[in-house]
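So the sequence shown is numbered by this note's numbering: it starts at 199 and just counts up by one.
See structure below.
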Amino acid sequence: MRFLPADLYARIEQSMPIACVDFVPTRVVESRTEIGLILRNSPFGRVWCHLGGRIAQGESIADALQRHARDTLDTGVTLDADPQPTYVYQWFPPEDRPESAQHFAHGDDPRKHAIGLSFTVQLDGDPSPRNEAIDFDWFAPAVLPEPLWPGCRDLFSRLAPR
Numbered sequence: 199m200r201f202l203p204a205d206l207y208a209r210i211e212q213s214m215p216i217a218c219v220d221f222v223p224t225r226v227v228e229s230r231t232e233i234g235l236i237l238r239n240s241p242f243g244r245v246w247c248h249l250g251g252r253i254a255q256g257e258s259i260a261d262a263l264q265r266h267a268r269d270t271l272d273t274g275v276t277l278d279a280d281p282q283p284t285y286v287y288q289w290f291p292p293e294d295r296p297e298s299a300q301h302f303a304h305g306d307d308p309r310k311h312a313i314g315l316s317f318t319v320q321l322d323g324d325p326s327p328r329n330e331a332i333d334f335d336w337f338a339p340a341v342l343p344e345p346l347w348p349g350c351r352d353l354f355s356r357l358a359p360r
């Protein structure tokens, strides 16, 4: 896996969409599905959101999902060898949002235009929030915490049953 120098990556991030993995851990408790979210600092202040991030050069989608789970929750995720997204969700900075975005669900990200390959996953162990994750908790999809990162509610409705 190769990482770009920070100044070069910043220029690329401002010039083209970035491929990312977005994921939401799920579990079933007493026949009810719950989703796991992290609390993190963001351009919108402290918000609850999904997990994930960019896919690095030379990294598979499965490896990216595992890396982000380990880096954020100190646990892995259960995956097929070639996981396929449940949904592809787009994130736009306000100044780069296309006019057509008014016709489809999308998220807000002032930092970059991202294409999120979005998954639900099962965690391999007990989550222990670290790095960007200030906290982690489980929620019923119909009773989500506030504040949420703008656009997450739409993403969660596509990924988890209510």
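Glycine residues also receive a C-beta, built at the ideal position from the N, C-alpha and C atoms.
Have a look at residue i and residue j and give me their C-alpha separation to the nearest angstrom.
i: Glu-297; j: Gly-323; result: 42 Å
i: Leu-357; j: Val-341; result: 15 Å
i: Glu-232; j: Arg-351; result: 14 Å
i: Pro-223; j: Tyr-207; result: 28 Å
i: Pro-215; j: Phe-302; result: 17 Å
i: Arg-225; j: Leu-235; result: 12 Å
i: Trp-336; j: His-266; result: 18 Å
i: His-304; j: Pro-327; result: 26 Å
i: Phe-221; j: Phe-290; result: 18 Å
i: Thr-270; j: Arg-295; result: 28 Å
i: Gly-250; j: Gln-300; result: 25 Å
i: Phe-354; j: Pro-348; result: 12 Å
i: Leu-263; j: Pro-203; result: 22 Å
Strictly by DSSP, which residues pair up with residue i?
i: Phe-221; result: Leu-249 and Phe-317
i: Val-341; result: Val-341 is not bridged to any residue.
i: Arg-244; result: Asn-239
i: Trp-347; result: None, per the DSSP bridge assignment.
i: Glu-232; result: Arg-225
i: Ile-210; result: Per DSSP, none; premise fails for Ile-210.
i: Ile-367; result: Summary: the structure shown does not reach residue 367, with the chain confined to residues 199 through 360, and so no result is reported for it.
Can you tell me whether residue i sits near the ligand COA, meaning its C-beta is under 7 Å from at least one heavy atom of the ligand?
i: Pro-296; result: The model depicted lacks the ligand COA and carries no ligand whatsoever.
Taking the alpha carbon of residue i as the point to measure from, which residue in the options has its own alpha carbon closest?
i: Pro-325; options: Asp-272, Gln-212, Phe-242 and Ala-262; result: Asp-272
i: Gln-212; options: Phe-201, Ala-262 and Pro-292; result: Pro-292
i: Ala-312; options: Pro-241, Ser-229 and Ile-253; result: Ile-253
i: Thr-276; options: Leu-321, Ala-217 and Ser-229; result: Leu-321
i: Ala-217; options: Asp-205, Pro-283, Ala-331 and Thr-318; result: Pro-283
i: Asp-280; options: Ile-259, Val-286, Gln-288 and Arg-268; result: Ile-259
i: Glu-330; options: Ser-240, Val-286, Tyr-285 and Arg-309; result: Ser-240
i: Phe-317; options: Asp-306, Arg-309, Asp-205 and Tyr-285; result: Tyr-285
i: Glu-257; options: Phe-201, Ala-338 and Arg-268; result: Phe-201
i: Phe-242; options: Ile-332, Pro-308 and Gly-314; result: Pro-308
i: Gly-314; options: Gly-274, Val-227, Ile-332 and Val-219; result: Val-219
>> Pairs of beta-carbons, one from the stretch 331-346 and one from the stretch 233-250, closer than 8 Å: are there three or more?
In response: The stretch 233-250 and the stretch 331-346 touch, with three or more beta-carbon pairs separated by less than 8 Å.
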